[in-house]
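Participant: According to UniProt numbering, the sequence shown is numbered sequentially starting from 1. Here it is, the structure, as structure tokens.
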Amino acid sequence: MDIRPLSDVAGVILVGGRSRRMGRDKALIPLGGKPLVERVIDAFRPLFERILLVGDRGERFASYGLPVFPDIHPGSALGGLYTGLVRAGTPHVFVSACDVPWPDPRVIARLCSLREGFDVVVPRTVGGSEPLFAVYGTGCLPAMERMLREGNYRIYDFYPEVRTRYVEQAELADLVTPARTFVNVNTPEEFETIRNREEGMAIKAVSFVAKSGTGKTTLLEKVIAELKGRGYRIGVIKHDAHRFDIDHPGKDSHRLAAAGADTMLIASPEKLALVKKYDESPPLDELLATYFGDVDIVLTEGFKKSSLPKIEVHRMERSATLLCRGEEHDPTLVAVASDAALALDVPVFDLNNPAQVADFVERTFLAAGAA
């Protein structure tokens, strides 16, 4: 990539967050052998002559040899952005949070190239604006100062007051998939999803999720039949939020379990069943590693809070909204099977055509070289 470093745009990385939901400093979590903040720094170095970090506890980042400025108005991303603009000494800055695992320099360069005549250049995807991966000019400072005095910290609230250029997803389609570029990390579960996507899962698995009454079990059984017909070995995990029994009073297996056995296995010439007691639901990765080493892929039903890639099953009659898009923007969503045409940032397949869904699963997870 031949990009000449910009002298009139500085790179600003916000490192002042407290990472409360993560439980540890997000900036320094290693991914692929590098802390997340270093991945952003590496993306910035060929683009900007000046790079600065904004946040307290600057000693954490001394090894990078970059200036670190404490927040002038601590406690919010808006305050960090304001500090970056004040301290940069350039007409514009490109700001990024420190927890962006895949910051694409081509996207950053494209956004910076649109800055002339604008105070803000911000990408907009189906999930909304991306205010912490955007260009800001010093013309924003008066509006920022007023909002900080008023205690309003929502960055996008001042956009109508300045010259704002929204960059739609289609304008970046030739460069990269926005769903990957604008991902950030807030919780351990989200980081596990990103780690799996970065490093690849030892056992391939995808979860079918849906609101109740949409027919996900019906679709799943048809997808299983499709894939079995293509010669694949399929594992299935069904999530049950309630208690269940696979044996019944009067049976020897039930008597042995009732006597206090913690693990009991029933074996016959053609199948076996394992009954194992847990105090709480066992971790999904433990189930995959322990019981599914002999299959090509595991399809799960449920587990909507897991870090697995997800296919959402949607029926318009049941609900006009999705589980994984709307109030929640689940970065693990990879496709939707729906009975209605939907404009989304992931592929949408016909709910009544299980072969389409099976084709996607095969192409994405089972084809040679699929990650």
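Positions of the beta carbon are idealized from the N, C-alpha and C atoms, including for glycine.
Tell me which residues share the same chain as Val-107 and place their Cβ nearer than 7 Å to its Cβ, disregarding the 5 neighbours each side in the sequence.
Facilitator: Leu-172, Leu-175, Val-176 and Thr-181
Participant: Helix, strand or coil for Lys-26 per DSSP?
Facilitator: helix
Participant: Measuring alpha carbon to alpha carbon, tell me which residue in Leu-53, Arg-24, Lys-304 and Ala-289 is nearest Lys-204.
Facilitator: Ala-289
Participant: What residue range does the alpha helix (DSSP H) around Val-40 cover?
Facilitator: 36-44
Participant: Leaving aside the five residues before and after Pro-70 along the sequence, list all residues of the same chain whose C-beta is less than 6 Å from its C-beta, in chain order.
Facilitator: Asp-56
Participant: Once the 5 residues before and after Tyr-153 are set aside, which same chain residues still bring their CB inside 6 Å of it?
Facilitator: Ser-76 and Leu-78
Participant: Since I believe Pro-123 is in contact with Glu-130 (beta carbons under 8 Å), could you give me their beta-carbon distance rounded to a whole number of angstroms?
Facilitator: 5 Å
Participant: Apart from the five residues just before and just after Met-1, which ones in its own chain have a Cβ nearer than 6 Å to its Cβ?
Facilitator: Confidence at Met-1 is low in this model, with a pLDDT of 45, below 50, so the placement of that residue should be treated as unreliable; the coordinate-derived value is given next. The answer is none, since no qualifying residue turns up.
Participant: Are the region 58-69 and the region 133-150 touching by the rule of at least three beta carbon pairs closer than 8 Å?
Facilitator: By the C-beta criterion, the region 58-69 is judged not to be in contact with the region 133-150, since fewer than 3 inter-stretch pairs fall below 8 Å.
Participant: Leaving out five residues before and five after Ser-307 in sequence, what residues of the same chain have Cβ atoms less than 7 Å from its Cβ?
Facilitator: Glu-189, Glu-192, Thr-193, Asn-196 and Thr-332
Participant: Could you check if Gly-11 is buried or exposed, using at least 16 other CB atoms within 10 Å of its CB as the buried criterion?
Facilitator: buried
Participant: Taking Cβ positions, are Phe-292 and His-239 nearer each other than 7 Å?
Facilitator: no
Participant: Asp-156 to Glu-226, Cα distance in whole Å?
Facilitator: Before going on, a small fix: residue 156 reads as Tyr here, not Asp. Their backbone Cα atoms lie some 46 Å apart in a straight line.
Participant: Would DSSP call Phe-94 helix, strand or coil?
Facilitator: Phe-94: strand per DSSP, three-state reduction.
Participant: Return yes when the Cβ of Arg-230 is within less than 7 Å of the Cβ of Val-295, no when it is not.
Facilitator: no
Participant: Check whether the region 89-98 and the region 142-153 are in contact - that is, three or more C-beta pairs closer than 8 Å.
Facilitator: no
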